[in-house]
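Chemist:
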Amino acid sequence: MTRQIEVDVTRFLAARARFGPFEIAFWLTAFATIYFLPGRHLILTETAIWGLFALSLDLILGYAGIISLGHAAFFGVGAYAAGLLAKHEIIVEPTIALVVAGLAAAALGFATSFLVLRGSDLTRLMVTLGVSLVCYELANKFGEITGGADGLQGITMAPLLGVYRFDMFGHTAYVYTLVWLFVLFILARRVVNSPFGLSLKAIKGNPLRSAAVGIAVNWRLVAIYTLSAGYAGIAGGLLAQTQAFASLSVLSIERSADALLILIIGGTGYLYGGLIGALIYRLLQDYLSDLTARYWQFWIGLLLVAIVIVGRDRIGGWIYFVEMQVARLFRRSAQATSPDRGA
Amino acid sequence: MLTILFDGVAYGMLLFVLACGLAVTLGLMNFVNLAHGAFAMAGGYITVVLVNRLGLPFVAGLVLAFFVTAAIGAVLERTLYVHVYARSHLDQVLFTIGLVFMSVAAVDYVMGSSQQFIQIPAALQGQFNVFGVGVGRYRLLIIVVCGLLTVALQLVLTATRFGSRLRAAVDDQRVARGLGINVGRVFAITFAVGSGLAGLGGALGAEILGLDPIFPLKYMIYFLIVVTVGGTSSITGPFLASILLGIGDVAGKYYFPTLGAFVIYTIMIVVLIWRPQGLFARGTAR
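These protein sequences, in sequence, are chains A and B.
Position one of the first sequence corresponds to residue 906 (the working numbering), numbered consecutively onward.
Position one of the second sequence corresponds to residue 68 (the working numbering), numbered consecutively onward.
#1: Taking 8 Å as the CB-CB limit, is D1026 of chain A close to chain B?
#2: Measuring CB to CB, does L947 of chain A end up less than 8 Å from G1075 of chain A?
#3: For H103 of chain B, decide whether its Cβ has a neighbour in chain A, counting only Cβ atoms nearer than 8 Å.
#4: State the DSSP-derived secondary structure class of S961 of chain A, mapped to helix, strand or coil.
#5: At a Cβ cut of 8 Å, what residues of the stretch 1125-1136 of chain A count as close to chain B, listed as they run along the chain?
#6: Shorter than 8 Å from the beta carbon of Y1200 of chain A to some beta carbon of chain B?
#7: Name the chain A residues whose beta carbon is nearer than 9 Å to that of T217 of chain B?
#8: My guess is that G313 of chain B and G79 of chain B are in contact by the Cβ rule of under 8 Å, so how many angstroms apart are they, rounded?
#9: Which partner residues of L1057 of chain A appear in the DSSP bridge assignment?
#10: Start and end of the alpha helix (DSSP H) containing R1029 of chain A?
#11: Just by C-beta distance, which residues in the stretch 1040-1064 of chain A are closer than 8 Å to chain B?
#12: Indicate the three-state DSSP secondary structure (helix, strand or coil) for V1118 of chain A in the structure shown.
#13: So what does DSSP say about G925 of chain A, is it helix, strand or coil?
#14: For Y176 of chain B, would you say it is in contact with chain A, using Cβ-to-Cβ distances shorter than 8 Å as the test?
#15: Listed in chain order, which residues of the stretch 956-975 of chain A have Cβ atoms closer than 9 Å to some Cβ of chain B?
#16: In three-state terms, what does DSSP make of Y1200 of chain A?
#17: Here's a check: name, in chain order, each residue in its chain whose Cβ is nearer than 7 Å to the Cβ of G350 of chain B, leaving out the five neighbours to either side.
#18: Kindly indicate the opening and closing residues of the alpha helix (DSSP H) around L101 of chain B.
#19: If S1018 of chain A and Y1130 of chain A are in contact, beta carbons under 8 Å, what's the gap, nearest whole angstrom?
#20: Taking 8 Å as the threshold (C-beta atoms), are G140 of chain B and F168 of chain B in contact?
#21: Kindly indicate if chain A contains any beta-carbon less than 8 Å away from that of V99 of chain B.
#22: Fully enclosed by the stretch 127-209 of chain B, which beta strand (DSSP E) runs are 3 residues long or longer?
#23: Excluding sequence positions up to five away, which residues of its chain have a Cβ less than 6 Å from the Cβ of G111 of chain B?
#24: Let me check one thing: in DSSP terms, what residues is Y1250 of chain A bridge-paired to?
#25: Would you mind telling me which residues of chain B sit closer than 7 Å to A1162 of chain A, beta carbon to beta carbon, in chain order?
#26: Can you find the residues in the same chain that come closer than 8 Å, C-beta to C-beta, to L224 of chain B, ignoring five residues on each side of it along the sequence?
#27: Short check: CB of Y1192 of chain A to CB of I1167 of chain A, under 8 Å?
#28: Using a C-beta to C-beta distance shorter than 8 Å, which residues of chain A count as neighbours of V160 of chain B?
#29: Given F1071 of chain A, which residues of its chain have a CB within under 6 Å of its CB, disregarding the five upstream and five downstream residues?
#30: Which same chain residues end up closer than 7 Å to L1156 of chain A when comparing Cβ atoms and leaving out the 5 residues on each side of it in sequence?
#31: V1036 of chain A versus chain B: which residues are under 9 Å apart at the beta carbon?
#32: If I'm right that V294 of chain B touches L85 of chain B with Cβ under 8 Å, what's the distance once you round it to whole angstroms?
#33: Please identify, using Cβ separations under 7 Å, the residues of the stretch 275-303 of chain B that lie next to chain A, in order along the chain.
#34: Going by beta carbon distance, what residues of the same chain come within less than 7 Å of G1053 of chain A, once the five residues before and after it are set aside?
#35: Whose C-alpha, out of B:L166, B:V151, B:A172, B:A77, is nearest the C-alpha of Q1202 of chain A?
#36: Going along the chain, which residues of its own chain have a beta-carbon closer than 8 Å to the beta-carbon of G1059 of chain A, five neighbours each way excluded?
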């Protein structure tokens, strides 16, 4: 009897971890834009970076249930690290510099993760917010290093892998960003579908019971927080590298709030939320700032309020609905064996 | 030195009046209201309009700021907030941040993005000396008004029927309902008064804190610090915390101007790690 359940669960989880047709289509479309939308590469690069940043937040919010209002701290540290490495030509190769930027952010994430372990949601909110504010003040204060309010200027990027130059139309930058996004996404997907990722979901559901069944709650949280910080750092680093600029705004509260908003629009807890949210957010922002340049924040705020009043589950639900419809279409042609997600 | 102390106390008192509404919603009702600063800003702008444009006396402006903001708070509570009480903290954060964004953009649209000043009557301007200590008249007014409010609040919470109903509703909503307490109404009144106090604080503080559309974002962190550091189990905790914060901030900016707000944030993090329930909380009851 127990054996049968075990087999069922294993099969269910394995089926869920498999790439669906929807996902393959998503990434094929993403890579197709390299050829089909060359005029939009600057905007798409930014969108991909936003997506990666929101994805990093999803790792802690959607999977571990940690509310953070200060994720921009890691984004900013990554951005400044990548910017400074390039500006002073410490590490010339952008790829390696980006890895180092991610590691720097991850180190900060590891150090501050112990602060996040303690207390309730509110304490976490305050501590994450506090950490990002301290980072902001530090970047502002050490203006001779970071450029202060003027931003970090005079970054010249070396050619990628020593061959590909960053052109002014952003073609190289887009391909570079997209490849990073894809690689990191696959990695995140592996992580959340691994036993480690499943244990995080258990912790999110009920930390006390998770501890009772033998999950090392604190260490798991430290690990995912560190990983998430590293992701955010790489997103920040990408921004600094592709724009050859880093300003104090990379550390601001607004940036943290935007990431949260993007993630909420797309839905939490299935990794694509950040990417889809970033696309929608970008389109909205374009449309609204054409409509009312200075006051588009109002509509963003209204959107947030509406999302909460209507209910986040129902908002995120539309994506799941589309996915199910597409899956059903495919299932009709080829017989699939995977049980329903809702089971 | 003593002048700094005096200014710090005035600043702290002001922070307390601004934040005590938040202490109640956050601490007692367990609702994360990041939009609290928006009510303070509303109070400030209402006073600006009334005093500068319509020429009402300053005191009337303050009183009206309280009542109008309280009314806004009550309406919002009944129409919007009430749907969000039972939701997760994440939903509450998103909802109230949305409100902040809306209020910032709306005020920017109506009043413009420049800093606003309230015309203060001449009798309240300037300083006088008491034993060699420079005492600003306006700051003295703030201390007196806020001090009276604090005492009144404490009395209402501890010594009146309404106060005990509120505490009962907070401790256990279900039992309170069972005893015939109209929990929804108690919360609505509390929320309205809290918003009204924020509005009054915003009107009083426009002179010291400045008043522009990004006010709710700029001071959100200060209000939250007051509440989290002060602990959420009583009204005296936030009061002491805001006095400490006020003195610390004024002194910090005076003695270490380059460090800015850095000191405050660091202290907050340290306090939260050391005592997650707040500095003045009794025990570790949740």
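By construction, the Cβ of each residue, glycine as well, lies at the ideal position given by its N, Cα and C atoms.
Remember, predicted model here, so these are calculated numbers, not experimental data.
Modeler: Put simply:
#1: Start at 1 with the first residue of the first sequence, and residue 1026 of chain A comes out as number 121. With 8 Å as the cut-off, D1026 of chain A counts as an interface residue toward chain B.
#2: Position 42 of the first sequence holds residue 947 of chain A. Position 170 of the first sequence holds residue 1075 of chain A. Against a cut-off of 8 Å, the Cβ pair of G1075 of chain A and L947 of chain A comes out as a contact.
#3: Taking the second sequence and counting its residues from 1, the one referred to as residue 103 of chain B is at position 36. No, because no Cβ of chain A sits closer than 8 Å to the Cβ of H103 of chain B.
#4: Within the first sequence, numbered from 1, the residue matching residue 961 of chain A stands at position 56. Helix, per DSSP.
#5: none
#6: Mapped onto the first sequence, residue 1200 of chain A falls at position 295. At least one chain B Cβ lies under 8 Å of Y1200 of chain A.
#7: As a working mapping, residue 217 of chain B is identified with position 150 in the second sequence. Here the premise fails: no neighbours, minimum Cβ distance about 23 Å.
#8: Numbered from 1 along the second sequence, position 246 holds the residue referred to as residue 313 of chain B. Numbered from 1 along the second sequence, position 12 holds the residue referred to as residue 79 of chain B. G313 of chain B to G79 of chain B, Cβ: 2 Å. Contact.
#9: Along the first sequence, one-based indexing puts residue 1057 of chain A at 152. DSSP output for L1057 of chain A lists A:A1151 as bridge partner(s).
#10: Here the question's residue 1029 of chain A lines up with position 124 in the first sequence. It spans 1026-1046 - the alpha helix (DSSP H) in which R1029 of chain A sits, taken as one unbroken run.
#11: E1042, L1043, N1045, K1046
#12: On the first sequence, residue 1118 of chain A is found 213 positions in, with the first residue counted as 1. Coil, per DSSP.
#13: Locating residue 925 of chain A in the first sequence gives position 20, where the first residue counts as 1. Reduced to three states, the DSSP call for G925 of chain A is coil.
#14: Locating residue 176 of chain B in the second sequence gives position 109, where the first residue counts as 1. At least one chain A Cβ lies under 8 Å of Y176 of chain B.
#15: L966, G970, I972, L974
#16: In the first sequence, the residue the question calls residue 1200 of chain A occupies position 295. Y1200 of chain A: coil per DSSP, three-state reduction.
#17: On the second sequence, position 283 is the one that residue 350 of chain B refers to. Reliability of the predicted coordinates at G350 of chain B is poor, the pLDDT of 44 falling under 50, and the value obtained from them is presented with this limitation in mind. Answer for G350 of chain B: no residue qualifies.
#18: Counting from 1 along the second sequence, the entry for residue 101 of chain B is found at position 34. L101 of chain B -> no alpha helix (DSSP H), and no H or E assigned at all.
#19: Here residue 1018 of chain A refers to the residue found at position 113 when the first sequence is read from its first residue. Here residue 1130 of chain A refers to the residue found at position 225 when the first sequence is read from its first residue. 4 Å between Cβ atoms; contact.
#20: Here the question's residue 168 of chain B lines up with position 101 in the second sequence. Here the question's residue 140 of chain B lines up with position 73 in the second sequence. Cβ atoms of F168 of chain B and G140 of chain B: not closer than 8 Å.
#21: Within the second sequence, the letter at position 32 stands for residue 99 of chain B. Closer than 8 Å: yes.
#22: 194-197, 200-203
#23: Within the second sequence, residue 111 of chain B is the residue found at index 44, counting from 1. Closer than 6 Å at the Cβ level, and outside the excluded window around G111 of chain B, lie G269, A270, A273, L278.
#24: Beyond the ends of chain A as shown, which are 906 and 1248, falls residue 1250 of chain A; an answer cannot be given.
#25: Here residue 1162 of chain A refers to the residue found at position 257 of the first sequence. In chain order: I164.
#26: Counted from its first residue, the second sequence places residue 224 of chain B at position 157. Only G230, L233, R234, I302 meet the Cβ criterion.
#27: Residue 1192 of chain A sits at position 287 when you count from the first residue of the first sequence. Residue 1167 of chain A sits at position 262 when you count from the first residue of the first sequence. No, the Cβ-Cβ distance between Y1192 of chain A and I1167 of chain A is not below 8 Å.
#28: Position 93 of the second sequence, counted from the start, is the residue given in the question as residue 160 of chain B. Those within 8 Å of V160 of chain B in chain A are I972, L974, L1030, L1165.
#29: Numbered from 1 along the first sequence, position 166 holds the residue referred to as residue 1071 of chain A. Within the same chain, F1071 of chain A has close Cβ partners M1062, T1077, A1078.
#30: If you number the first sequence from 1, residue 1156 of chain A lands on position 251. Taken in chain order, the residues that qualify are A977, A978, G981, S1037, C1040, Y1041, A1044.
#31: Counting from one through the first sequence, the residue named residue 1036 of chain A turns up at place 131. Result: Y332, I336.
#32: Stepping through the second sequence from its first residue, residue 294 of chain B is reached at position 227. Stepping through the second sequence from its first residue, residue 85 of chain B is reached at position 18. The Cβ separation is near 11 Å, so there is no contact.
#33: L284, I288, L291, T295
#34: By one-based count along the first sequence, residue 1053 of chain A stands at place 148. Excluding positions up to five away in sequence, the list reads N1045.
#35: Here residue 1202 of chain A corresponds to residue number 297 of the first sequence, with the count starting at 1. For the residues B:L166, B:V151, B:A172, B:A77, the minimum Cα distance to Q1202 of chain A belongs to B:A172.
#36: As a first step, residue 1059 of chain A is located in the first sequence; it is residue number 154 there, counting from the start. Closer than 8 Å at the Cβ level, and outside the excluded window around G1059 of chain A, lie K992.
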